[in-house]
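Protein chains in written order, with this note's numbering: chain A, 1 to 357; chain B, 1001 to 1263.
Have a look at the structure below before the remarks.
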């Protein structure tokens, strides 16, 4: 406690960001330190797990001090510490978790194990205090593409997920073939602004009628095949048009599936989450679709339809999202003991009890 | 002197407390569950011995080499402890710590071998003498057969310059002890070496890394003022990450015509 406020720390190390944040009363961000390794992994064209683990270990005590210092809080004033225990890269998860356990063991602070995707979704609460479960969420990141019903702060029902590539993965692969390098998402997004999104009609995959599952590997392969055939014909290609058309195909599917999910579930709003949620085109297109839907609803005397999106800094992997999830779990009494393990493939629907040991 | 030592580099995790030279230890007998066990085990041990973190003089950690993941779990845990308690960290070299095994007798040559895969071992050799020991071959990673051969060969000029004692100077009746999970993994090669030496005394044992050896060495390092802190503590991997090596040696290949070609 500090000045009558409940203090929560969140630790995140599931991929290539070493991040620690401190929150007051579970919503107010006092500090949010993110030590990114993007510059290191860029050279390799992707995250190298062994190198990520080595850097997490080196960075983490510094990030911890910085998070407390910037928040103006002492460890004694922290009420609980949350840590991402899965899913993610095993070696990377291990660093945050081993360190968090040692901090809690040494200080007597309660520990809360957090699911990485749960944290991404609940990041929406940081800037939208009115948002409460149940609600619908679309999670888009390098490793995940899911439509999920958030039934409670620690209860999720997955309505659909990708059957092959995650959105971010497809972005990274397309970025590689058009020579943009890693990380692909922001680079494709930027280049796409200069291109014509209708220059090419790359394949959209909707799967069965009303299916909320995703498939992006066909779209990605269509881009690669187009580039190869142009290469064989000796034709020049316009990378901006390719980027814009690829992005158009992906976003069209994401937006339409999200609308189908709203139709099926009847929810009056959607929370976007995950690293790809900082993609400017996706944000704009989803906002437009929701606005139109809201107008129609209001015209018929229904409620407004809302879209919640975290600021880009809370979309990327960060400690604040882990802290908000830890705060809500702590309120439910869902602490973990010092025997917490890491779970690289932790299931959002059925795996959460593994974090309460 | 009060030191907590943790060891997670090998198959079994352990935590040890040395209270003015009295050593108590907890060993987790389940292989490779270090993350789950090490912090609770260390705290239980301290509670049983009635010691709190702030009363310690230092936190010692077996800093590798060993399993990359295991080494990191230990160092991350030590960093967390040391940071909260405001204590120095003693980085104990994992291989050399075997020379502090109290079961060794003067004249024993201890050769810990850790399986580094691809027929390689993390290894070294130390000769136990009265109340001290001397290095014969410093910690290194190499092919297990090369290591066994080098135990018989004259020193390289660099080693001679470092004043190392050549193995050939060691009396034939001294006992050579191979241990660690590498001695088991490459048991055939080690046994062939033992058969060749044929002294009826040298042997292969199932000793593995233990925090109680590390803590004995840590006492000496602390006396010598060789400590660091949570910011400076670093694992000793003895091997760079495969990807960095490939990048450094330009071995990543290039993407051309839809496939990766060796550069």
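Backbone N, C-alpha and C fix where the C-beta goes; we use that ideal spot for every residue, glycine too.
Sequence-ordered contacts of the region 86-111 of chain A with chain B read 91, 94, 95, 97, 98, 99, 101, 102, 103, 105, 106 and 107 [C-beta pairs closer than 7 Å].
For residue 1077 (chain B), the C-beta contacts it makes with chain A under 9 Å involve 98, 99, 101, 102 and 105, in order along the chain.
For residue 189 (chain A), the uninterrupted alpha helix (DSSP H) segment begins and ends at 184-192.
Proximity of chain A to residue 1228 (chain B) at the Cβ level (cut-off 8 Å) is not reached, the minimal Cβ distance being about 12 Å.
Listed along the chain, the chain B residues whose CB falls inside 7 Å of the CB of residue 48 (chain A) are 1241 and 1243. Contact between residue 19 (chain A) and residue 33 (chain A) holds, with the beta-carbon distance rounding to 6 Å and staying under 8 Å.
Between the region 222-232 of chain A and the region 307-323 of chain A, the count of C-beta pairs closer than 8 Å stays below three; the two stretches do not touch. Residue 1008 (chain B) is not bridged by DSSP to any residue.
Apart from sequence neighbours up to five positions away, the residues of its chain that approach residue 285 (chain A) with a beta-carbon distance below 6 Å are 251 and 255, ordered along the chain. About 6 Å separates the beta carbons of residue 210 (chain A) and residue 260 (chain A), which is inside the 8 Å limit, making them a contact pair. Per the coordinates, the alpha-carbon of residue 1070 (chain B) lies some 31 Å from the alpha-carbon of residue 154 (chain A). Against chain A, the beta carbon of residue 1043 (chain B) has neighbours under 9 Å at 105, 106 and 338, listed in chain order.
Taking C-alpha positions only, residue 1179 (chain B) is separated from residue 336 (chain A) by approximately 38 Å. As DSSP reads the structure, residue 20 (chain A) sits in a beta bridge with A:11 and A:33. Remark: C-beta atoms of residue 11 (chain A) and residue 73 (chain A) do not approach each other more closely than 8 Å. Between the region 299-311 of chain A and the region 164-179 of chain A, the count of Cβ pairs shorter than 8 Å is below three; the stretches do not touch. Residue 146 (chain A) carries a strand assignment under DSSP once its states are collapsed to helix, strand and coil. Secondary-structure assignment with DSSP links residue 1135 (chain B) through a beta bridge to B:1126.
If you check the CB distance, residue 1009 (chain B) and residue 1064 (chain B) come in under 8 Å.
Per DSSP, residue 278 (chain A) lies in no beta strand (DSSP E) segment and is marked neither H nor E. About 7 Å separates the beta carbons of residue 240 (chain A) and residue 192 (chain A), which is inside the 8 Å limit, making them a contact pair.
When the five nearest sequence neighbours on each side are left out, the beta carbons in the same chain lying within less than 8 Å of the beta carbon of residue 105 (chain A) are those of 338, in order along the chain.
Out of B:1029, B:1096, B:1030 and B:1003, the CA that lies nearest to the CA of residue 1017 (chain B) is found in B:1003. Annotation for residue 1100 (chain B): 1213, 1216 and 1217 place their beta carbon closer than 7 Å to its own, counting only its chain and skipping 5 residues before and after. Note on residue 1106 (chain B): under 16 other CB atoms within 10 angstroms of its CB, so exposed under the neighbour-count rule. At a Cβ-Cβ threshold of 8 Å, residue 1090 (chain B) and residue 1221 (chain B) count as neighbours. For residue 344 (chain A), no chain B residue has a C-beta closer than 8 Å to its own C-beta; the minimum C-beta separation is roughly 12 Å.
No Cβ-Cβ contact shorter than 8 Å links residue 265 (chain A) with residue 215 (chain A). For residue 1231 (chain B), the residues of chain A that pass the 7 Å Cβ criterion are 61 and 62, in the order they occur in the chain. When the Cα atoms are used, residue 1135 (chain B) and residue 62 (chain A) turn out to be separated by approximately 36 Å. Residue 107 (chain A) has its alpha-carbon roughly 35 Å from the corresponding atom of residue 309 (chain A). For the region 1164-1219 of chain B, the continuous beta strand (DSSP E) assignments of 3+ residues that do not extend past its boundaries occur at 1176-1179, in sequence order. The C-beta of residue 1204 (chain B) has 16 or more other C-beta atoms within 10 Å across all chains shown, which makes the residue buried. With contacts defined as CB atoms closer than 8 Å, residue 182 (chain A) and residue 42 (chain A) qualify as a contacting pair. B:1081 is the residue among B:1081, B:1045, B:1039 and B:1244 whose C-alpha sits nearest the C-alpha of residue 1229 (chain B). Around residue 1145 (chain B), the same chain offers 1119 and 1189 as residues with beta carbons nearer than 8 Å, after the five sequence neighbours per side are excluded.
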